[in-house]
Structure formats: C-alpha cells, structure tokens
Amino acid sequence: MAAMSVIGIDFGNQSSYVAVARAGGIETIANDYSLRATPSCVAFSDKSRILGVAAKNQQITNLDNTISGFKRLLGRKYNDPAVQAELRELSFKTVQQKNGGIGIKANFQGETHVFSPEQITAMFFTKLKDTSEIALKTKVNDCVISVPSFFTDAERRALLDAASIAGLNVLRLMNETTATALSYGIYKEDLPPPEEKPRNVIFVDCGYSSLQVSACAFHKGKLKMLACASDPNFGGRDIDLILAEEFNKNFQQKFKVDARSNPRAFLRLMNEVEKFKKQMSANSTKLSLFIDCFVDDKDVSGDMKRADMETLCSHLLQRVEKTLKQCLDDSKLKLDDIYAVEIVGGSTRIPAIKQLITNVFGKTPSTTLNQDEAVARGCALQCAMLSPAVRVREFNVTDIQTYPIKLVWDAAMGENGEMEVFSLHHAVPFSKMLTFYRKEPFSIKAYYSGQIPYPDPYIGEFVVKEVKPTSTGESAKVKVKVRVNVNGVLTVTSARREAPAEAGDQQEEAAGQPDAPMDASPKQDAPAPASVPDNENNTEEEQEKKEEKKSGKKITITELPIESFTNGLSVVEINNLLEMECKMIASDKQEKERVDTRNALEEYIYELRGQLNEEPVSDPNGRLSLCQFVKEADHQSLIKQLDGLETWLYEDGDECTRQIYAEKLSSLKNIGEPIKMRQQEREQRPIAFNEFVASIQQALGVTEQFRAGSKLYNHLVEADVAKVEQSVNTARKWVEDKLAESKNCPLIENPAVTVAQIRQERLNFELEVSPILKKAKRKPAPAASEAPNENGQQPTSGSGQADQPAAGDQKQQTEQNSAEKMDVE
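In the UniProt record's numbering, the protein residues as written are 1 to 825.
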C-alpha cells in the first residue's frame, strides 16, 4: 500500500495530470469523470466548492465565481504588470491585499470571501489528492509537483505553501523540462557509458500558457541539464486569443454583435476557437466555425484557413524561433551534436511550430513521449526515487539554475559588497561555503542578477545572529553555507563561528584584519544527485579536521542562529489556512452527503411511483405489476403521498438538512419495500420450489433404484435407505402444504412462505440425505480359497467385483502406487 501513495502532479495552467508509480510501471490516474486531464478550475456555490471537471462544466453559467488561470498569479504582487495583463483576460474579480498581494473575490455560502492564489491552488490540490486516494484506495501524502523552469524563488515558495495548505508533503518541486527529460531517459537501455560522449537531446515543451526549451545530456544512469530557455508569455492561449479577436471583428461586421461586451459570449468564443485551432492543425483547407445563439440569440459563423492563422500569428512564431535559438546558443551544442528533438505539450501539435523546430535544430521533431502526460510521469518517477517505499532503477538527475543569483552584504574596509554565487545554468541542488570576518551580527541579501520575468529581483534577507569578536578582540571567522535546494529555492542552511580553542591564539585567515572581505573563492560542495541524500556535513567535518591537523591547533565551532526574511507564508499562517481548508473540506463533505441523500429520496419517489403506475397484468404466469401487490385504497393513498413528497422536495424541502431527507426516505421505504418484497417473492418462489423438488426427486431416484436391486447402490444398508425415504416423504409433504398455502394467499398480503424459508428447508433436507447418498462404495476382500490361474492372474469372482492383482504382481503394483504417490507429493 505504501508504494501506491507515491504520486507525481503535473500542475498546469489549463489542466493537470496525476501519475502514480506502481509495481508494473507508471500509470496516469483517471478522475471521477474517467478523464486523465483535470481542468485547473475552482468554483464556488451557495453551499459548497466545485472542483475540477465539474467546475469547468459550469463556468459559463457561474462566471464570476469560477476561478481558473490562478497558477500564473502564485507568488506575485497585484501591481505587477504581468499580473495586470493576466487579470484583463480573467473573468473573476480581484482586489489588492494589504501586503500587496492578489485577493480573489468569490461569493461562497452567502458571503463574499477574498482568497489568495495560494488558497485557491490548495483547494485544487485537495481535489487531486482526493482523486488519487480514491483511485489508489490509500492515503496520499508524499508527492513531486512540476513547476515551470522560469518560476522564481517567490513563485516556488508560494507553490510549496499551497501544497502545505492542502496537506501534501512535497518531496521536490521539479522543473517541467527536467521531468520530461527523466521520463525520456530512464527507459532508454542504449544510453552511452560515462566515458563516452553523451547523447544530447533537445526537449520543446509548448503548452497552453508558456514555451520551454531545454537541452539535456544523457549517459547511462544519469542526465544533466545543459541549458534552458523559455518564453513565459507565449502558449496556445495566445493563438486562441488572436483567432477569437479576428472572428469577433468579422462578427461585428457581418452580424453586428460584439462578444467583447459580453464576458460569457467571449468565453464561449474562446472555447470554440480552441477546438477550431486543433482542427486546423490537422487540415490545411478552409474550415468553418459556427456558434448558435451567440449574442442576442443570433447565430454567427465564419471561416479561416491554416495559412491565414499563421499570418495572423507571425509575430508570435518569431518569438518561438528566438527562444529555440537561444537554447541552442546557451547549450553550446552544434547541430551535429544533437541526437534528437522531442516535443511535448499540446501546442507543439501546431504544424508551424513543428516546422520552426525542424528549421532551427535540423531534425524532424520526435513524439516518443506522451505529449500530454510526460511531465506527470517524470514527476512520479522522481517521487518514487525519493521515497524509501519504492524500488526504482538508479538514475542521477542534475538540474540547472535558471537565473544567476548574487549576494549583497554590508561592505567594510573598502571590500566588494556583492558577489554572484550561482551563475546562469549552475548545477542544482548545490551548496557553497562562504567565509566572512565579523565582530557583530550581519545580514546577507540575495538578488537575481539576470533578466527575470518578475519586476522585483529581490529574493530575501538572511541575518546571521550572535556573532562576537574573539577573546583577543579580533574579527571572528564565520562560515555561511548558502544553498539552492532541490526545489530551486535559495536558503542559508547554516552559519558557524570558528575560533581557536585556547585564548590568545591567532586565527589563520586574515589575522588582525577586522571585517576582512568574503573569501573570493568560496569552498563549494559537489552537487548532489537529486535522488541521493546530501552528505555535505560529512564533507565539512573532514575539511575542519584537515585544517586542525594542518595548523596544529584545536578549533572550536559554534553554530549561529539565522533569521530569514523571504517571500512566502509563515508557519503560523500556513497552519491557520490549513485549518480553514480542513473546515471547508468537512463542509463540502457534509453538503455532498446532504445532496446525495436528497437525490436518493428523489430517485426512490420516481422509481416507486413509476412502478405503481404500470398497467396491471392479466397473465397469471407472467410478471405482475407492482400495483397488483397493494390494496386499491392503499395504492391511491401512496400515489398521493408520493406526489406530495415530490412537490415538497422542489419547494419547501429544497434546502433541508440531510437528517430530514433521510427520515422521509426511511419512512417511505417502510411502505414501499414490503410491496416490492411481495412482488420479488412472487417471482422467486416458483424457482425456489423447483430447486427443492429437484433435490427431493434426486434422493427419491436413489431409493427406488436401491429397491429395484441396482448394483450401483448395493453398498447402502436398509436402515440408511429407510431414513432417506422418511426425509423424502417429510420434505414432499412440506412442499405440497406450502404450495397450497401460497396459492391461496392473496397478492396484497405477505406470502405464507418466503423464498428464504424454502431454501433453508431445502438445505436442511440435503444435509440429512447427502451423507447417506454420497457414502463410498466398499470393495470386498478377495476369497482365501481362490488361487492364481496358470497365467499367474487372480480369477474373477463372477459377482461383479473388480479384478484383483495377481500375487506375483502385487509387489510391483505396490511399488508403482508408492512411486505415483511420491510424485504427487
């Protein structure tokens, strides 16, 4: 069971996938609608939340309270230009939070609520978790979640916070490009050994909202990401928007309707255009688009060819080409070095994008991977590697840092106050040990130093506390470990003060120089494979022992506390939101039970009334209608009661509690079930009687053959046969009496004998006679006076008994039987 709880989540802007690692491999989980893709959609009603497919299905009718596209809002500020661009195309209302974040407004349970994108994401993760637990029939906790390679530290922390609110333990946030590479490489049996040149593969992932291109080098049992380029603002939805605007312009001219003035109409147009785009990918001829009752009950239509679409989107295709070339340049690969180009993501099916890939990389795109599920499968594989409960083939994963990171600190004595610690495409996860000389607490600030799709390059501030000068008043040597972890998040994992054990000893490094600058070439740990625990502490201890041995002086180490000021929620905030989420889950469950009970009552009313209203059947041997098993007066009263319940259900009883529905259903079943029982008994009773009669006749046949002197039953004794005959007579009398009682019992009354009673009597009868009828036939012993004939064989007795083996063959026969018995054992 533990192995089944290892899942990977491909969290997409439009839809998401969940994959699980099983003993037979990786499997994508289907949701409650038997679909592999679950729309990334959360909606609110007066009573409960609606998640996934159900939320998407009611989006047009509940536009203001249906939230989609929230992935792009994670970890961002309300005034961010990218956020404002997103919000212009989203239907729900938003406000600016006190902390500058985004607040999503929704009417829920009769009140207006403001949720953060992290809360909405947590609600959606709750749905994915629930779907997984139902499919796997076990609790799900550990998971690996995909994240776009261009997500910044703030966005990654927000995603981790959302998972925590949903009660998920994230073993790793995995870049979508890396997950794709893992799902490709782990099944390849022909990868080159480490001493040979690597197999270089380009992966192009163009989805609904973004484009990511990566280069990866494969060796047997490991992969290393070489480069990654992305366009966070290009995806299939941008093409959909251009097509929708073009069609809307035509509709304005031809039909005098403007979809932009009606949000519901424009959403319908976007949905239709998405289907139209997929059709154009398979057809180069002119295709027609038709939408009935579009605006003001007007039907609209239009047409377009694939070439027209490519012309309209030419500026977008130029951006695609630029991103492809950037990845090729950053990877420093020549075209001859590239083994293959793999494509994933729905938008890579567009012929123009495929042609651009061919032009840039000189190779026809390959579709070895499942274009929709590759990322989820890679995440499930990574989760299996990180989980001790599952055994997976060893495969090392080395990711890269998408943006350079620099550290800035308070400069002193003319030193340089900043340093780029992690360069572009630096290996991840990775740690670096930095050395400072300080007399008092100090702070380090982290920034992105490259171009990022985020208005603020600030990552966070880390304050090293309790720093004191040495006993001689000199600056203390402080070593700070800075790490980009497996989630792509920057942390300061430790800080330690090193000083000579004996008072008066001078330090080795920069003795007598107060506030010396940071070590220009900081020590660094080797990158740890993503699926192997780090052993950095051991490395540090070994280094410290070497330093002590070299200096001949004992060094004392003091761990220093670190206070972090980074993006994301505090532990207290996460716990409060987790508690709120648990309450909403309980409320949703209670509402579901209420609705299910109401539906059960409604269904029972329709079913019972439909059966009672069937025409009576005149054929006594046929299946009688239910109305024939109830008195005429009771029939009319029951129909009236059912009609009244139906009226109540749609008026005063529409919003009642589960308990009221359950009580009315129970009361109704107390009336309806006895009627149904009488009908079922009438249908099943002849079958049960026939089975009993067949058992009686079988036993009777044995006694008659015994009386006739049949050799088949000459092993039975008179007393046993007499006992069987007595049981047969008793059973036959019981059946005849009960048949007569049943025939005289009116249909509107409970039966004189039930099917269960008949079957029990039959069982009792068979238990009485079966031990006698199934007695083994006894074999008589050979006569002592009989001697073998001249052929060495025992003569037959003439009484019908089986021939016995000759005395000369008895030993051989015994040995043969023994051998056969041994073989069987």
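Where a beta carbon is used, it is the ideal one built from N, C-alpha and C, also for glycine. Source: prediction; values computed, not measured.
Item	Value
Start-end ranges of the alpha helix (DSSP H) lying completely within the region 306 to 375, minimum 4 residues	306 to 312, 314 to 331, 351 to 361
In DSSP terms, what D303 is bridged to	S288
Classification of L712 by the beta-carbon crowding that lies within 10 angstroms, buried from 16 upward	exposed
For I242, the first and last residue of its enclosing alpha helix (DSSP H)	236 to 255
Beta-ladder partner(s) of F565, from DSSP	E461
Limits of the unbroken alpha helix (DSSP H) element including S770	755 to 773
Neighbour-count burial assignment, E786, 16 or more Cβ in a 10 Å radius	Because the pLDDT at E786 is just 47, under 50, the model does not fix this residue reliably, and the point stays unresolved.
Rounded C-alpha distance that separates A265 from Y447	44 Å
Pick from N175, A282, E245 that is closest to A229, judged by C-alpha positions	N175
Opposing strand residues paired with W734 [DSSP bridges]	Its beta-bridge partners do not exist; DSSP assigns none.
Own chain, CB closer than 8 Å to S210, minus 5 neighbours either side, in chain order	N13, P148, F150, S230, D231, P232, N233, F234, G235
CB of A21 within 8 Å of CB of A380, strictly	yes
Supposed contact pair K481 and S431 - C-beta distance, whole angstroms, cut 8 Å	6 Å
Opening and closing residue of the alpha helix (DSSP H) in which K56 lies	53 to 57
Close-in-space but distant-in-sequence residues of the same chain around F247 (CB under 6 Å, 5 per side omitted)	G302
C293 versus F124: straight-line alpha-carbon distance, rounded	32 Å
Own chain partners of A215 with C-beta closer than 7 Å, once the 5 adjacent residues on each side are dropped	N200, I202, L226, A227, C327, S331, L333
Local Cβ density within 10 Å of Y650, reported as buried at 16 or more and exposed below that	exposed
For A756 and L638, the rounded distance between their alpha carbons	28 Å
Rounded separation between F70 and T121 - CA only	7 Å
Contiguous beta strand (DSSP E) assignments of at least 3 residues, all confined to the region 81 to 132	93 to 96, 102 to 108, 111 to 115
Sequence-distant residues of its chain with Cβ nearer than 6 Å to L624 (five each side left out)	V617
Ordered list of alpha helix (DSSP H) runs contained in the region 155 to 240, each at least 4 residues	176 to 185
CA-to-CA distance, K583 to K676, given in whole angstroms	41 Å
Close-in-space but distant-in-sequence residues of the same chain around E373 (CB under 8 Å, 5 per side omitted)	D10, Y17, A19, T28, R36
Close beta carbons around A85, own chain, < 6 Å, minus the five adjacent residues each side	none
Under the three-state DSSP convention, the category P500 falls into	strand
According to DSSP, residues forming a beta bridge with M419	L407
Straight-line Cα distance separating K775 from C745	41 Å
Residues sharing a beta bridge with Y448, DSSP	I405
Boundaries (first-last residue) of the beta strand (DSSP E) holding V144	142 to 147
Exposure of D161, with buried meaning 16 or more beta-carbon neighbours within 10 Å	buried
Per-residue burial, G672 [other beta carbons within 10 Å of its own, 16 or more giving buried]	buried
Rounded straight-line distance, which links the Cα of Y33 to that of Y458	43 Å
For F44, three-class secondary structure by DSSP	strand
Coil, strand or helix - K554 by DSSP	coil
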